[in-house]
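Before any comments, here is the structure.
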Amino acid sequence: MTPTPPDRAEAQITEVVRTFFGAFTSGPDVEARLDGLREVLIPEALIVRTGGVPTTYGVDGFIEPRRELLTSGRVTDFREWEVDGTTQVYGDIAHHWCTYAKEWVEDGERVRGAGAKTIQLVRTEAGWRISAMAWDDER
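If you're matching positions, the sequence shown starts at -12 in my numbering and goes up one per residue.
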């Protein structure tokens, strides 16, 4: 692999992060966006939800419950987006730290939330991919 210039690496990582957040938007093409997560996660990626006892997920264990949530009709108008973030790159590893917000309608009421995510990435032959991610929602 030829080293990626730092500014190009950050642009590629930004696109991976954008794809990750974009998957969590209900409505048309939600299935395709969720399937697209497999393109930005390495197959062995570890995803951790914090708050109380941490819950760990593999790729499918993470995607499928969110598919159910976003397609079941239980919640509507769901979207999640990055508010602010920073990326550090060293060779073939990178770290993206960000805050995010989310909102949706459930039982006829608009709900809002926010939190922070830490995303670890590795450069592969196919480009930058998420190897691990953990998040903490505001309480």
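Virtual Cβ for every residue (Gly too), placed ideally from N, Cα, C. Here the structure is a predicted model, which is why all the values come from computation and not from measurement.
Asked: Pull up the distance between the alpha-carbon of D79 and that of S59, whole angstroms please.; Found: 39 Å
Asked: Quick check on the DSSP output: what are the complete beta strand (DSSP E) runs of length 3 or more inside the segment 91 to 126, in order along the chain?; Found: 96 to 111, 114 to 124
Asked: Should the segment 80 to 89 be regarded as contacting the segment 32 to 39, the criterion being three or more beta carbon pairs within less than 8 Å?; Found: no
Asked: For V3, which three-state DSSP category applies?; Found: helix
Asked: Pick from V3, D123, Q(-1): whose alpha carbon is nearest that of G23?; Found: V3
Asked: Could you give the distance in angstroms between the alpha-carbon of R54 and the alpha-carbon of T6?; Found: 15 Å
Asked: Between the alpha carbons of G102 and V40, how many angstroms are there, rounded?; Found: 17 Å
Asked: Which residue from D123, W91, I106, A119 puts its Cα closest to that of G73?; Found: Reading the sequence as shown, one finds Thr at residue 73 and not Gly. Minimum Cα distance to T73 is reached at I106.
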